[in-house]
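Chains as they are written, first to last, in our numbering: chain F, 4 to 543; chain R, 4 to 543. Data block below; observations after.
Printed below as a string of structure tokens:
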């Protein structure tokens, strides 16, 4: 289908969907969750278990292009975004993608959507790798009809807007790996990818590790660059060909636009990432490190992944100490990289950092200069519809959650009041690791984290091995091997129900059920493209 | 179409083709050459001018796979090639691809085809990125029916076998870029790619720059790894995950096979590459360097490409001297890399080496350690069906040829006796450069190189700017700018016809016409997949 016909088809699908929203057929998936069988006019498959669904068909192929239609000089610069979007044939109903490596400092996604708005187009689908609070003005574009709906992780205000039922289409939340899968498999066909690039050359080669707006890896934009029909590079730091490294390859790029600034450096990366100071959370971090040591996972050549949250950073510091004491060296650690992982690399406590995104200035400096600090992409790390991926090779993974239930199902997208406030990130993908650990406080603001049933299942209990909170450590009964290995440990290993009861007592009874309607506002995709759960409208 | 149905369909096409070879319809292309309209049962398009053909359709998509079908440990090793081929579903008529980075030292391509032969399959299409004399035993496999025909550059004995009309299918010669184009566009669908890897990990990440059989870049195998249905890595140097750099990504790999040796290191790369000692050839090299200087091409930030032949290497030494004298620095030079280019990088005479293949030990050492010695692939460098490529960004290109005619058409595949003895390499792709120079002796073994009409057009005269031989320099009349810039040069600029006449006189008249039949044995594809010329059978 040509891009014009495709956009028209999508529009008619979306219109039909709006009319028939109330008629949407539902099914109950393998986890007992009621999920729609059609999302934004496109049929979807209910979740069939963590490894239960086998895909068919072939990978998406974008149109074949010819060098005859590109400048022989290699200079693809055009004066501004309007020109670039016009040359890409911007039309109503198109899918516009952006990446989120500039995080809350990004200025390019909004610039592109607002430019499109001024050009008079309607009903765009915005397909970011994640949306941030700085992009709150997209709400105005949705109200005006410029943007029809968002498919992508919705953090903060945009999530709330969706939760309240204001978005015309349904939100579709995917993990980083699920986003690659959806693009690769042709579930989402990107018409125009807008790629903010901290460094680029006129041919379109682009990289994130240098320049005034340096952000580290650009891996989240890689699928967009390969599979989109049109690709626009937006940069504030043009260098002569070749821009190397070229994580984004100019051979996939149509136009290059220079702007004064692609983002606010202070909001792109933290100056320094902060370790938690809360005694409870430090205790959780210490428990996690001791668990990994005592379970025998911490041994020469092992690997682990931890995020950039306060607990995760503290965990790294505890583990580092234990590794030093035991004389143990990791083969690789997986970022989001921070100063704390870089220190490990510099100290020789790991051979490699395999880095998906870079969180602080030390991380950016390191990925731009250290040969063993390697930029990865969701293809290498997370895509479930490849011939394997790195996630299942990681020995231990430390993750957060908003809720976890007594069946070990985890939630990272909604709060207990039902509001959709967070994206999935790589969370679902990481659950493929050898030992997956949720490191969570037992309660937040007097709301328990361990519940009977999570509000929204983001990851199935069959893949979550351990829950660590300040009141104890619960091992999933499926992991008999871990239970056995920790039998004689002095760690507070306890049944999850026991911890739940203790917390309930402390907080004075069961938490109130949130007021949630039966109107779906978003779906949560599993890593294989199936629907694992539905997010329901929350009345104001 | 599934891989089994595809193989069956191809077999029936090939059988039909054998029966009807005499009925093959022909057309005369834009250069006046008679070319078949069907090759090995597949319709082809006659050449329409260097930039005359616009492709349609979408890029090839191989089958979607799922991580559920690959080991969670990431360990894809199987005991031997037989097991791997069996697991890939090896069948009659399949397309088996290999790469030629191990050059005349390669042991893997033959090992794979002979293993397939022992497994009893027939009528394979062998699709190497190039074939070398060490693979002469494939002739036996063709005689036995294991291999039906070869699509790929045919050097030496295999070319001769094809020229004599012994191959059951037609040879199809493509440039490095044309091979990427054919795979990407789905013209050639690879069933099983066999990738010899000097280093690999059990997940299938692979690289060429380290290990006992190190060969430098593995770029020629990249398209195979991305687009083939099945990919087998064969290595003699396994390292723990992650093998980094990972020019071949394990996420595209099905199986890993360890063998004792993938090749003969002495034949993989030269200890040292040799500069010509012939006074005539040294003069040609000096003329080329002076031409580039006097044409004003040699200026700060310029770029050039030269191969690893004796003249090209000598040219680099002359140019280097001139750059030093003039205080000029290149932005990048393109390899095949050798000690001579590495010296430039080390000396600061160029910012980058962008390297497609690595010819000597110094080159291998450098690409494995110097951050600005960059491994490229035919995708970045040469693929004409991308959004541009690097080849057109190179300011000056120095190439060889077996023949060039007075219309500046060039031949690199056949000799004047009609025998197909050489591959195309990147030669056609390089013709997109800013100034393309054929550096050739005026005659070889009393056979003139400048002829009325080349035996086989490999590159059209519209893209060949300068012919340099020891008797003078001919500028293509289309390049009025070059003629103007060299007007006051003391270089021997002469009309090409004048040089031709002089040589003819010296050799005592016109050369004999070769005895060539009207049976086609191979076609030469242009960079866009159209057929630029036919190779005809030469009677014994």
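Every residue gets a Cβ at the ideal spot worked out from N, C-alpha and C, and that includes glycine.
Evaluate residue i with the Cβ neighbour count: other Cβ atoms within 10 Å of its Cβ, from every protein chain shown; 16 or more gives buried, anything less gives exposed.
i	result
residue 86 of chain F	exposed
residue 2 of chain F	Lying before the first or after the last residue shown, residue 2 of chain F is absent from chain F, which here runs from 4 to 543.
residue 333 of chain R	buried
residue 372 of chain R	exposed
residue 232 of chain F	buried
residue 344 of chain F	buried
residue 456 of chain R	exposed
residue 509 of chain R	exposed
residue 350 of chain R	exposed
residue 491 of chain R	exposed
residue 296 of chain R	buried
residue 193 of chain F	buried
residue 533 of chain F	buried
residue 40 of chain R	exposed
residue 83 of chain R	exposed
residue 4 of chain F	With a pLDDT of 48 at residue 4 of chain F, under the threshold of 50, the modelled position of this residue cannot be trusted; read the value that follows with caution. Label assigned to residue 4 of chain F: exposed.
residue 216 of chain R	buried
Starting from residue i, find everything on chain R with Cβ-Cβ shorter than 8 Å and list it in chain order.
i	result
residue 67 of chain F	58, 59, 60, 61, 62, 187, 188 and 388
residue 357 of chain F	245
Mind listing the chain F neighbours of residue i? Cutoff is C-beta to C-beta under 7 Å, in chain order.
i	result
residue 252 of chain R	383
residue 54 of chain R	71
If I measure Cβ to Cβ from residue i and keep anything under 7 Å in the same chain, skipping five residues before and after, which residues do I get?
i	result
residue 78 of chain R	205
residue 486 of chain R	478
residue 459 of chain F	414, 416, 417, 527, 536 and 538
Please go through the same chain and pick out, in chain order, the residues whose beta-carbon is closer than 8 Å to the beta-carbon of residue i, but skip the five residues on each side of it.
i	result
residue 89 of chain F	122
residue 467 of chain F	407, 411, 412, 413, 434, 439, 441 and 479
residue 116 of chain F	99, 127, 129, 141, 144, 149 and 150
residue 483 of chain F	none
residue 158 of chain F	133, 134, 135, 136, 424, 425 and 426
residue 286 of chain F	473
residue 163 of chain F	422, 423 and 424
Taking only heavy atoms of the ligand ZN into account, decide whether any of them is closer than 7 Å to the Cβ of residue i.
i	result
residue 459 of chain R	This structure does not include the ligand ZN; it has no bound ligands of any sort.
List, in order along the chain, the chain R residues whose C-beta lies closer than 9 Å to that of residue i?
i	result
residue 395 of chain F	70, 73, 74, 75, 76 and 77
residue 334 of chain F	243, 244 and 245
residue 531 of chain F	69, 70 and 71
Anything in chain F within Cβ reach of residue i, meaning under 8 Å, just list it in chain order.
i	result
residue 377 of chain R	245 and 247
residue 130 of chain R	Under the 8 Å cutoff, chain F gives no residues; its nearest Cβ is about 20 Å from residue 130 of chain R.
Ignore the nearest five residues each way along the sequence and tell me which others in residue i's own chain have a CB closer than 6 Å to its CB.
i	result
residue 369 of chain R	345 and 376
residue 310 of chain R	339
residue 181 of chain R	528 and 530
residue 256 of chain R	207, 234 and 236
List the residues of chain R whose Cβ lies closer than 7 Å to the Cβ of residue i, in chain order.
i	result
residue 392 of chain F	70 and 254
Of all the CB atoms in chain B, is at least one closer than 8 Å to the CB of residue i?
i	result
residue 27 of chain F	Among the chains of the structure shown, chain B does not appear; the protein chains present are F and R.
Any chance you could list the beta strand (DSSP E) runs of at least 3 consecutive residues sitting entirely within the stretch 441-477 of chain F, in chain order? 469-472
Every unbroken beta strand (DSSP E) within the stretch 259-346 of chain R, with a cutoff of 3 residues, ordered by chain: Counting whole runs of 3 or more residues, the stretch 259-346 of chain R contains the beta strand (DSSP E) stretches 306-309 and 333-337.
Contained beta strand (DSSP E) runs [length at least 3] in the stretch 394-425 of chain R, N- to C-terminal order: 399-402 and 406-408
Positions along the stretch 66-90 of chain R whose CB lies within less than 8 Å of some CB in chain F: 66, 67, 68, 69, 70, 71, 72, 73, 74, 75, 76, 77 and 79
Scan the stretch 237-263 of chain R for residues whose Cβ lies nearer than 9 Å to a Cβ of chain F and list them as they occur along the chain. 243, 244, 245, 247, 248, 249, 252, 253, 254, 255, 256 and 257
If you scan the stretch 45-75 of chain F from start to end, which runs of the beta strand (DSSP E) of 3 or more residues do you find wholly inside it? Residue ranges of uninterrupted beta strand (DSSP E) with 3 or more members are absent from the stretch 45-75 of chain F; none lies entirely inside it.
Residues within the stretch 302-319 of chain R neighbouring chain F, beta-carbon criterion of under 9 Å: 304 and 306
Where the stretch 408-422 of chain R meets chain F: residues whose CB sits under 8 Å from a CB there: none
Quick one: which unbroken beta strand (DSSP E) runs of 3-plus residues sit fully inside the stretch 91-130 of chain F? Chain order, please. 98-101
Closer than 9 Å, Cβ to any Cβ of chain R: which residues of the stretch 459-486 of chain F, in chain order? none
Taking beta-carbon pairs under 7 Å, can you tell me which members of the stretch 24-38 of chain F lie near chain R? none
Closer than 9 Å between beta carbons: that is the criterion. Which residues of the stretch 193-213 of chain R meet it against chain F? 206, 207 and 208
Restricting to runs no shorter than 3 residues, where is the beta strand (DSSP E) found entirely within the stretch 124-210 of chain R? 127-131, 150-153, 174-176 and 195-200
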